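*Asks:* Let me begin by handing over the structure; questions about it come next.
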Amino acid sequence: MEWSLPNPAPHGNWERTPNVYRGPYEFSAPEAGEKDFLPQYLKLPTDRDPVPAPLPAGH
398 MEWSLPNPAP
408 HGNWERTPNV
418 YRGPYEFSAP
428 EAGEKDFLPQ
438 YLKLPTDRDP
448 VPAPLPAGH
């Protein structure tokens, strides 16, 4: 995901927490089409919206 940032990275890296739809290394995936890989942050029509994880107690 760090490759999706501009160089130099802005303060705090991202303006908001990015959504992740798959693992970091999805090479030769059939869904990639003509690309060789699928980035973690690319949402496909078949991907579900991420579910936020609950914060630990006391936060």
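So in the numbering used here, the last spot in the sequence shown is 456, and the numbers never skip. Cβ atoms here follow ideal geometry from the backbone N, Cα and C, with glycine treated the same way. As the structure is a computational prediction, the values presented were derived from the model and not from experiment.
1) Check the C-beta distance from residue 419 over to residue 402 and give it rounded, since I have them as a contact under 8 Å.
2) How many Å lie between residue 427 and residue 415 at the Cα?
3) In whole angstroms, what is the alpha-carbon distance linking residue 413 and residue 441?
4) Check whether the Cβ atoms of residue 421 and residue 437 lie closer than 7 Å to each other.
*Replies:* So, from the listed chains and residues:
1) Translated into positions along the sequence shown, residue 419 becomes position 22. Translated into positions along the sequence shown, residue 402 becomes position 5. The pair is not a contact, with the Cβ atoms about 19 Å apart (cut-off 8 Å).
2) Taking the first residue of the sequence shown as position 1, residue 427 is located at position 30. Taking the first residue of the sequence shown as position 1, residue 415 is located at position 18. Cα to Cα, the separation comes out at about 24 Å.
3) Here the question's residue 413 lines up with position 16 in the sequence shown. Here the question's residue 441 lines up with position 44 in the sequence shown. Each residue's alpha carbon lies about 20 Å from the other.
4) In the sequence shown, the residue the question calls residue 421 occupies position 24. In the sequence shown, the residue the question calls residue 437 occupies position 40. Yes.
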